[in-house]
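Each remark here refers to the structure printed beneath this line.
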Amino acid sequence: MLKNFYILISQKIINCVDLYLLLILIAFMAIDMAVIYSAAGSSSSRFLGQFDHFLFSLFVMFLIAFMPTYLLRNFSIPFYILGIVLLLCVEFFGETVKGATRWLSLGFIRIQPSEILKIAVPMMISYFFDAQDKPYLSFRSFLISSLILIIPCFLIVIQPDLGTALLVFGAGISVIYFAGLSFKIILPIFLTFTFVISYLLYYEDTLCADDVTWLLLHDYQKNRICTLLNPNSDPLGRGFHTIQSIIAIGSGGLYGKGYMLGTQTHLDFIPERSTDFIFAVYAEEFGLYGCIFLLILYSLLIFRGFLISIQANSQFSRLLAGSITMMIFIYVFVNIGMVTGILPVVGVPLPFMSYGGSALLTMCIACGILMNIGRTIEK
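Below, the structure is given as structure tokens:
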């Protein structure tokens, strides 16, 4: 009888866990632990810390994968409201670190509420469209869903944390797009963005002068954009991160310098080498072929997420799975873009690779939701 019980439990676990996603995450874990060990200079505290982060995050992922799917939908409103309340608490009671007020101390733990909104916003907007039960996106629905998205983004921007706000916005706008956003709205936004970029490139020297103030942006955000356009304008200051990262990636060549043999890494030229710039460490030691392998892993993860979204059996599940997959893609694109010098440095970690518990937990929660939705698909 005990044997039958173990067999039943094993079958339930197999049915709940997406083996494709699990194998990809195990591969990421193995690569990340090796790179963290090298990037941290053989520091056992960071290595063990990241290992603990993985264990806890995977535990939470399995809990979400096993929970009844309808609870995801029912928790959407309370989860969103909780995130907004915590963001408001940050404004009044938050801790300021390096000029930004992003953390909230609960006594026994310190949390970053903006991480919650990366999941809560797409859940809430997916719930809203599912409750509408309409085959098309009306203008009224577009306005309401945009308001649901803009409120948390605004609260995150004023912390200030533009990088996280862009990630939350990307996840939320993905839901609206998948719900049927008209190209009549997308086209003007695209043309406006193109005009702003063209104007910035043409008048770079004038706009990036020290005495010029940009509306809606802090000075450090302006400096990041100007540094992207010309890192050599301040090679030992604002451009140091980008320049040293590019040197590390280029010096890796095809095959890399070898594990724990990266000179830019171990001579302390790469800043934030175990967090935001860990891709530069990986590229220097494993080279182009290693980077291609890592990008293949991310592509498989994103492909699996979209496949789950396409096969989902409800509007809520389809929109949520699609937006979460897009969120992972945006994470990867922005981090690798800033490390390689094609995007401004905005402090976005590389999924499943950068050291830290908050971002890793968010990514594992996202994968847990994908597994939860995936197990409801008719095999």
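What the sequence shown shows, in the numbering used here, is residues 27 to 405, in sequence order.
The beta carbon of each residue, even a glycine, is placed where N, CA and C say it ideally should be.
At least three beta-carbon pairs within less than 8 Å, the segment 283 to 291 to the segment 305 to 315: Counting Cβ pairs under 8 Å, three or more are found: they touch.
Separation of proline 148 from isoleucine 336, as counted between CA atoms: Cα-Cα distance, rounded: 17 Å.
Strand pairing of tryptophan 129, partner residues [DSSP]: According to DSSP, tryptophan 129 bridges with Glu121.
Proximity to serine 71 [Cα-Cα], best of Ile354, Met352, Ser300 and Cys393: A check of alpha carbon separations from serine 71 across Ile354, Met352, Ser300 and Cys393 identifies Ser300 as the nearest.
Secondary structure of isoleucine 322, DSSP reduced to three states: In the structure shown, isoleucine 322 sits in a helix (DSSP, three-state: H, G or I).
Beta-carbon contacts of leucine 342 that lie in its chain and below 7 Å, excluding the five residues immediately before and after: Reading off the sequence, residue 342 comes out as phenylalanine, not leucine. Excluding positions up to five away in sequence, the list reads Arg99, Ser152, Tyr153 and Asp156.
The segment 205 to 223 contacting the segment 396 to 405, beta-carbon criterion three pairs below 8 Å: Judged by Cβ distances under 8 Å, the segment 205 to 223 makes no contact with the segment 396 to 405, as fewer than three pairs qualify.
Exposed unless 16 or more other CB atoms sit within 10 angstroms - verdict on cysteine 115: Looking at its Cβ environment, which holds fewer than 16 other Cβ atoms inside 10 Å, cysteine 115 is exposed.
Isoleucine 35 to leucine 207 span [Cα, whole Å]: With a pLDDT of 49 at isoleucine 35, under the threshold of 50, the predicted position of this residue should be treated as unreliable, and no value is reported.
Segment contact, 8 Å Cβ cut-off, at least three pairs: the segment 384 to 400 with the segment 313 to 324: The segment 384 to 400 and the segment 313 to 324 do not touch, with fewer than 3 CB-CB distances between them shorter than 8 Å.
Best match in Gly198, Phe165, Ser167 and Ala91 for proximity to isoleucine 142 [C-alpha to C-alpha]: For the options Gly198, Phe165, Ser167 and Ala91, the alpha carbon positioned closest to that of isoleucine 142 is the one of Gly198.
Same chain, Cβ closer than 8 Å to phenylalanine 73, five either side skipped, listed in chain order: The beta carbon of phenylalanine 73 is closer than 8 Å to those of Met59, Ile62, Tyr63 and Ala66 in its chain, skipping five residues each way along the sequence.
Uninterrupted alpha helix (DSSP H) stretches inside the segment 292 to 349 (no shorter than 4 residues): Counting whole runs of 4 or more residues, the segment 292 to 349 contains the alpha helix (DSSP H) stretches 304 to 337.
Cβ-based burial, phenylalanine 31 [other Cβ within 10 Å; buried from 16]: Legend: pLDDT at phenylalanine 31 = 48, less than 50; position of this residue unreliable, value from coordinates given subsequently. Phenylalanine 31 comes out exposed.
Burial state of serine 271, where buried means 16 or more other Cβ atoms lie within 10 Å: Buried, by the Cβ-count rule.
Residue(s) in a DSSP beta bridge with isoleucine 137: Under the DSSP definition of a beta bridge, isoleucine 137 partners with Leu130.
Under 8 Å between C-beta atoms of valine 451 and asparagine 361: This structure leaves residue 451 out entirely; the chain is present only between 27 and 405.
Through-space distance from arginine 166 to glutamine 76, alpha-carbon basis: If you draw a straight line from the Cα of glutamine 76 to the Cα of arginine 166, it is about 45 Å long.
Counted within 10 angstroms of its Cβ, other Cβ atoms place glycine 276 as buried (16 or more) or exposed: Looking at its Cβ environment, which holds fewer than 16 other Cβ atoms inside 10 Å, glycine 276 is exposed.
Residue nearest to isoleucine 414 in terms of C-alpha spacing, selected from His267, Phe101 and Leu321: Residue 414 is absent from the structure shown; the chain starts at 27 and stops at 405.
C-alpha distance - methionine 364 paired with glycine 400, whole-angstrom precision: Rounded to whole angstroms, the separation of the alpha carbons of glycine 400 and methionine 364 is 32 Å.
Pick from Gly196, Arg330 and Leu163 that is closest to leucine 48, judged by C-alpha positions: The shortest Cα separation from leucine 48 among Gly196, Arg330 and Leu163 belongs to Arg330.
Min CB distance isoleucine 137 to chain C below 8 Å: Considering every chain present, this structure includes no chain C. It has just one protein chain.
Limits of the alpha helix (DSSP H) - the one that arginine 166 falls within: Where arginine 166 is concerned, the enclosing alpha helix (DSSP H) stretches over 165 to 183.
Beta-carbon gap between isoleucine 328 and isoleucine 354 smaller than 8 Å: Judged by beta-carbon spacing, isoleucine 354 lies within the 8 Å limit of isoleucine 328, meaning their Cβ atoms are closer than that value.
Expected contact under 8 Å - CB spacing of valine 307 and isoleucine 296 to nearest Å: With 8 Å as the limit, valine 307 and isoleucine 296 qualify as a contact, their Cβ atoms being about 6 Å apart.
Cβ pair leucine 217, leucine 226 closer than 8 Å: Taking a C-beta distance under 8 Å as the contact criterion, leucine 217 and leucine 226 do not qualify as a contact pair.
Cα-Cα separation between methionine 389 and phenylalanine 195, rounded to whole angstroms: One C-alpha to the other measures close to 16 Å.
Residues of its chain near glutamine 138, where Cβ-Cβ distance is below 7 Å and the 5 sequence neighbours each way are ignored: So the list reads Arg128, Trp129 and Ser384, once near-sequence residues are dropped.
Residues near leucine 112 by beta carbon distance below 8 Å, same chain, minus five either side: Counting only Cβ-Cβ distances below 8 Å, and skipping sequence neighbours, we find Leu130, Ile137, Pro139 and Ile142.
CB-CB length for isoleucine 177 against isoleucine 110, believed under 8 Å: The Cβ separation is near 7 Å, so the contact holds.
From Leu108, Gly278 and Ser340, residue whose alpha carbon lies closest to that of threonine 366: Out of Leu108, Gly278 and Ser340, Gly278 has the C-alpha closest to the C-alpha of threonine 366.
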